[in-house]
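Step one of this worksheet: look at the structure below.
Residue numbers (the numbering used here): 16 to 173.
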């Protein structure tokens, strides 16, 4: 159980870091400073890669912990908590609560970032498509409000 708990603490730290990196990415998106967007996105990907690696370690440790309390392999954290003795039951439940909370926050922030990226892409696409047309503004959904401008004649005889 101790090995599992140490890995769960590491995962919680990584999820906190992911939440921070997603917030940085959101701030970059909101400011419109695309210069740092690739850097922010790379940092998010790096944390996700480390999380995936840690997940493998956690799965192995969870199987070992399950065997120590006579559970089948690949148990849920809640099932391990129900089968574990004190103080591990309480600690595993705390980890589970923290993971649920962090997951909700990360999902909400990732969805918000995805929406900002989509709106930015749509805006850039509409701007390119509207070359030669005036953009009067944007709708609350991020779509460009475009009005056509009449062709201009240029008198080159001067």
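Glycine residues also receive a C-beta, built at the ideal position from the N, C-alpha and C atoms.
Just so it is clear, the structure is predicted and the values come from calculations on it, not from any experiment.
Your pair residue 16 and residue 80 checks out as a contact, with CB atoms roughly 5 Å apart and the cut at 8 Å. Nearest to residue 59 by C-alpha distance, out of 69, 73, 50 and 39, is 39. Looking only at 27, 37, 67 and 66, the smallest Cα-Cα distance to residue 53 is reached by 37. With contacts defined as CB atoms closer than 8 Å, residue 131 and residue 44 qualify as a contacting pair. If you draw a straight line from the Cα of residue 56 to the Cα of residue 66, it comes to about 15 Å. Taking each of 126, 129 and 120 in turn and checking the Cα distance to residue 31, the smallest one comes out for 120. Counting only runs of 4 or more residues that sit fully inside the segment 76–117, the alpha helix (DSSP H) segments are 92–98, in chain order. Separation of the CB atoms of residue 98 and residue 84 is rounded to 4 Å, and the pair is thereby assigned contact status at 8 Å.
The C-beta of residue 156 has fewer than 16 other C-beta atoms within 10 Å across all chains shown, which makes the residue exposed. Secondary structure note for residue 28: its alpha helix (DSSP H) is the uninterrupted segment 17–46.
By the criterion of a C-beta distance shorter than 7 Å, residue 87 is surrounded in its chain by 81, once the five residues flanking it on both sides are discounted. Residue 74 sits exposed, since fewer than 16 C-beta atoms from the chains shown fall within 10 Å of its C-beta.
Assignment of residue 120 by DSSP, reduced to helix, strand and coil, places it in the helix class.
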